[in-house]
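If you're matching positions, the sequence shown starts at 1 in my numbering and goes up one per residue. C-beta: ideal position from N, C-alpha, C; glycine also. These numbers come from a predicted model, not from an experiment. Below is one structure, written out as structure tokens, with a few remarks after it.
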Amino acid sequence: MGDGASTRRSYDLVADRYTSELRDELRRKPLDRAMLDAFAELTTGGTVLDVGCGPGHVAEYLSARGARALGTDLSPAMCANASVPTCASDMTALPVRADALSGLVSLYAVIHLDSAQRAAAYKEFARVLRSGGHALISFHISDSDVPVGGEKRLSDWWGHDVDLTFRFLDPVEESRMLAEAGLEVIARLDRGPHPGIEHPSQRCSLLVLRP
């Protein structure tokens with residue numbers, strides 16, 4: 001997929017540092033924990049997949065709350081650092097059978113996809129969710145340098161030569177694309193950044209249902 005190879009290579013390069021820096025991030029993010037707690041309750045009894053799982057800390061959090069959580073990430077090096085079962089895959093072609101999941105979570109992963117790729121990913125999310133299943137999708141909206149709908153390129157990260165594009169997405173447009181994929185937005189949370197903890201961007205999380 002388009003810039004998938006550069007995204008994979010970039011995250012492979014920073015995987016160890018990313019893990020050490022971000023594995024415990026949820027401890028300092030009460031709103032994110034609250035969303036994941038609600039998500040875990042909504043998806044009780046089924047398998048949950050963390051798409052773009054990185055080092056697997058979100059799936060690990062969900063597992064601690066009773067979910068049967070697995071992870072998948074474009075980067076094999078990220079998967080190797082995960083503490084839950086994972087596999088490397090592209091989110092536009094998930095290695096999961098149709099109607100298999102009660103839940104799917106994807107936090108700040110779709111930001112690396114262009115609009116056509118996100119549409120394909122959302123169709124995959126709908127395909128693998130069972131009827132009545134939920135997905136929780138988070139993304140950046142804007143920051144002080146980049147408006148809604150803009151992009152930021154990163155060429156150096158922790159001293160590594162990377163090639164990453166971060167897209168800042170419009171919640172209304174993403175809701176429309178999710179609806180086109182067959183997913184209904186049932187809740188939305190917008191929030192500002194936690195100072196000194198994360199990138200200073202405005203953020204959105206959408207909770208969706210597959211009818």
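Length of the line joining the Cα atoms of residue i and residue j
| i | j | result |
| --- | --- | --- |
| glycine 4 | threonine 44 | 33 angstroms |
| aspartate 190 | cysteine 204 | 4 angstroms |
| valine 51 | proline 147 | 26 angstroms |
| arginine 27 | glycine 159 | 26 angstroms |
| lysine 123 | leucine 178 | 8 angstroms |
| alanine 135 | arginine 23 | 22 angstroms |
| isoleucine 141 | alanine 120 | 20 angstroms |
| alanine 82 | leucine 49 | 13 angstroms |
Cβ neighbour criterion (16 or more within 10 Å) applied to residue i
| i | result |
| --- | --- |
| aspartate 99 | exposed |
| aspartate 32 | buried |
| glycine 2 | For glycine 2, the predicted model reports a pLDDT of 42, less than 50, meaning its position is unreliable; a value from the coordinates is still stated below. Answer is exposed; the Cβ neighbour count stays below 16. |
| leucine 129 | buried |
| proline 171 | buried |
| proline 211 | exposed |
| proline 219 | Outside the shown range of the chain, which is 1 to 211, sits residue 219, and nothing can be said about it. |
| alanine 64 | exposed |
| glutamate 174 | buried |
| arginine 17 | exposed |
| leucine 154 | exposed |
| aspartate 37 | exposed |
| serine 131 | exposed |
| alanine 181 | buried |
| serine 115 | exposed |
Supposed close pair residue i, residue j - CB separation, criterion 8 angstroms
| i | j | result |
| --- | --- | --- |
| serine 75 | alanine 88 | 7 angstroms |
| aspartate 143 | proline 195 | That belief does not hold up - the Cβ atoms of aspartate 143 and proline 195 are roughly 13 angstroms apart, past 8 angstroms. |
Residue i - partner residues in DSSP beta bridges
| i | result |
| --- | --- |
| glutamine 202 | Ser142 |
| leucine 104 | Leu49 and Ala135 |
| tryptophan 157 | His160 |
| phenylalanine 166 | Lys152 |
| valine 208 | Ala135 and Val185 |
Contact test: residue i Cβ vs the ligand MG heavy atom, cutoff 7 angstroms
| i | result |
| --- | --- |
| glycine 149 | The ligand MG is not part of this structure, which contains no ligands at all. |
Does the stretch 103-110 touch the stretch 9-24, meaning 3 or more C-beta pairs lie closer than 8 angstroms? no
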